[in-house]
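Here the sequence shown is numbered in our numbering, starting from 372 and rising by one per residue.
All C-beta atoms in this analysis are idealised placements derived from N, C-alpha and C, irrespective of residue type, glycine included.
Heads up, the thing below is written out as structure tokens.
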Amino acid sequence: MDKDKTQNRTSLSKQFTKINMVMAIIVAFIGVFSFWLNASLTEYFILNNISNDDLHLIYEDISSGQTIIEWGNYGLEYDSYAEVMDKEYMIKSSSTGAHAPNYQYSVREFNELVGDPELDVIIYYPFADDSELFILVMPIQTSFIPYQATLISLFIFILGLFATVKVFSSFSARQLISPIEDLSKTVHSIKNGAYGTQVKLNSGNDLDYLANDINELSTAIDTEIRLRESLESSRQQLILDISHDLKTPLTNIIGYSESLGSDKNLSKEDKPFIEAIIRNGHRANTLLNDLFTYSKLNATHYEINLQPFNLNYVLEDYIASVIEEIESASKKYDVDLHRGNYPVHLDIQLFRRVLSNIVDNFLRHSGNETTIQFVMKLKDGDAASAQLDILDNGIGIPEEDKEKIFDEFYRADHSRSVQTGGSGLGLSISKKIVHLHGGDIQLMPTETGSHFRITLPLNEENT
Ligand code: ADP
372 MDKDKTQNRT
382 SLSKQFTKIN
392 MVMAIIVAFI
402 GVFSFWLNAS
412 LTEYFILNNI
422 SNDDLHLIYE
432 DISSGQTIIE
442 WGNYGLEYDS
452 YAEVMDKEYM
462 IKSSSTGAHA
472 PNYQYSVREF
482 NELVGDPELD
492 VIIYYPFADD
502 SELFILVMPI
512 QTSFIPYQAT
522 LISLFIFILG
532 LFATVKVFSS
542 FSARQLISPI
552 EDLSKTVHSI
562 KNGAYGTQVK
572 LNSGNDLDYL
582 ANDINELSTA
592 IDTEIRLRES
602 LESSRQQLIL
612 DISHDLKTPL
622 TNIIGYSESL
632 GSDKNLSKED
642 KPFIEAIIRN
652 GHRANTLLND
662 LFTYSKLNAT
672 HYEINLQPFN
682 LNYVLEDYIA
692 SVIEEIESAS
702 KKYDVDLHRG
712 NYPVHLDIQL
722 FRRVLSNIVD
732 NFLRHSGNET
742 TIQFVMKLKD
752 GDAASAQLDI
762 LDNGIGIPEE
772 DKEKIFDEFY
782 RADHSRSVQT
792 GGSGLGLSIS
802 KKIVHLHGGD
812 IQLMPTETGS
822 HFRITLPLNE
832 ENT
């Protein structure tokens, strides 16, 4: 990582603290402003504001003997009044509503007037020697609603608070949350298989380290996966090559042994050996064929050859071809195919392989005098899929083997499987083929016998 950039990076907690501190300072400012607003509004709503010039004008009017003053012109209450008096509080002149000239205030009376909470009294000394005193008495204004100033300031404070929180939340979201979202999206894509996905962050905080680590991790996973894929594909190729190369010599061995076995001059002692060679040759051949098919299907770029079919016909056709085999093994069959069109896209060779694996297992593993049943219908609750059940009433698959039955080389009851032959690849090949067709195969829970269920997507375009 770039060293300069690393040094300039702030820790996430510091960045958080910084943002919150700035927010706290702004909120404090709004608080102070609201206090000031409250004070100013209180003065505005309750106390009478009059300029010195106006005060002087009123004084001059009163002094010159005018008794009627247009209080409204000065923004004052109509029941305001003014008095000019001498040092001894003797009225010299006054406006209407005030004490008449020559009225003498006592000191107590004057002080009570000034201190009256219902009144707003301004005392004005027109001369430097305080020889004259002018008082303007105004009733305190009543506000529109109680605590009007406080409510307005509180409202402005709350508004400011919300606006600040909103602005800072979106700011910190941009600074902190959206990089986290980007990181989370990247991790999610990597989890979903988009290995190698990189995230570009320039948040200037600890998250850049995290982004860097995620990028390195993503690259490492991508490299590892590619390596594994290439190893896997070489392994598959190796198996394919070996099984292919072994096919010809094995076919030769079986061919030569069979012609030796049919030789009339073969001694009685040698016959069992030749028969054993033929038997084991056939087993090895089955294993080799299954191995070849399995590797081929698992090759990374295996493409199946899909053609449109009616699944009903495919099944009828297949069942007809195995009836003889079933009957000659002293077993029975039962078919319940729903009439109608079941349009599917199949690689017919591969799909017949699925059916023959299951039927073959029935013939080899289910026990004596068993019956196989084929039931086909639309999948319950999903008219876009066909559901094919193939079940028998044989010995079934032991409970502990059910989970692994589709694993490659897995065979239930190993003592039995030596006699029954097989590679342990049949069901895993079947599963692979059904998946390549976009369907699924499952072993269904059953009291007796085995029950396989194949679901396949229907393709309406076939019709
Ligand atoms: P295999 O080549 O051994 O038949 P499969 O993968 O086709 O391999 O089957 C796996 C195992 O499942 C078999 O070895 C057998 O034990 C068990 N199995 C499959 N089908 C049946 C069945 N119809 N009845 C009893 N056991 C079965």
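Residue burial classification, Leu-658 (beta-carbon count within 10 angstroms, cutoff 16): Counting Cβ neighbours within 10 Å, Leu-658 comes out buried, since at least 16 surround it.
Coarse secondary structure for Ser-821, derived from DSSP in three states: Taken through DSSP and simplified to helix, strand or coil, Ser-821 comes out as coil.
Pick from Val-393, Pro-510, Gly-820 and Ala-499 that is closest to Asp-487, judged by C-alpha positions: Per the Cα distances, Pro-510.
Proximal residues to Asp-375 (C-beta, below 6 Å), its chain only, five neighbours per side dropped: Unreliable placement is indicated for Asp-375, whose pLDDT of 47 sits below 50; the coordinate value is still reported in the next sentence. Around Asp-375: no qualifying Cβ.
Exposure of Gly-820, with buried meaning 16 or more beta-carbon neighbours within 10 Å: Buried, because 16 or more other Cβ atoms sit within 10 Å of the Cβ of Gly-820.
Nearest-angstrom Cα separation, counted from Leu-408 out to Val-558: Looking at the two C-alpha atoms, the distance is approximately 51 Å.
His-470 versus Ser-464: straight-line alpha-carbon distance, rounded: Near 9 Å, if we compare the C-alpha coordinates of Ser-464 and His-470.
CA nearest to the CA of Ile-396, picked from Val-536, Ile-462 and Asp-491: Among Val-536, Ile-462 and Asp-491, the Cα nearest to that of Ile-396 is on Val-536.
Contact under 8 Å by Cβ, Leu-662 with Ser-794: In this structure, the beta-carbon distance from Leu-662 to Ser-794 falls below 8 Å.
Entirely enclosed alpha helix (DSSP H) segments - the segment 424-509, minimum 4 residues: Restricting attention to alpha helix (DSSP H) runs no shorter than 4 residues, the segment 424-509 encloses them at 478-486, ordered along the chain.
Residue range of the unbroken beta strand (DSSP E) whose run includes Val-706: Per DSSP, Val-706 belongs to the beta strand (DSSP E) from 703-708.
Option nearest His-743 by Cα separation, candidates Gly-752, Ala-399, Ala-755 and Ser-727: Checking the sequence shown, residue 743 turns out to be Ile, not His. Minimum Cα distance to Ile-743 is reached at Ser-727.
Closer than 7 Å: Asn-732 CB and nearest ligand 1 heavy atom: Answer for Asn-732: yes, Cβ within range of ligand 1.
His-716 beta carbon near ligand 1 (any heavy atom closer than 7 Å): No, Cβ of His-716 sits at least 7 Å from all heavy atoms of ligand 1.
Whole-number beta carbon distance between Tyr-665 and Leu-858, since they are thought to touch under 8 Å: Missing from the structure shown is residue 858; the chain here goes from 372 to 834 and no further.
Beta-carbon proximity of Phe-542 to Ile-421, cut-off 8 Å: Cβ atoms of Phe-542 and Ile-421: not closer than 8 Å.
Cβ separation of Val-538 and Asp-553, assumed to be a contact under 8 Å, to the nearest whole Å: Going by Cβ atoms, the distance from Val-538 to Asp-553 rounds to 22 Å, so no, they are not a contact pair.
Proximity test, Asp-763 beta-carbon vs ligand 1 heavy atom, cut-off 7 Å: Because some heavy atom of ligand 1 lies under 7 Å away, the Cβ of Asp-763 counts as near it: yes.
Chain-order list of residues whose beta-carbon lies under 8 Å from that of His-615 (same chain, five-residue window excluded): Within the same chain, Cβ atoms closer than 8 Å to the Cβ of His-615 are found at Phe-663, the five residues on either side in sequence being excluded.
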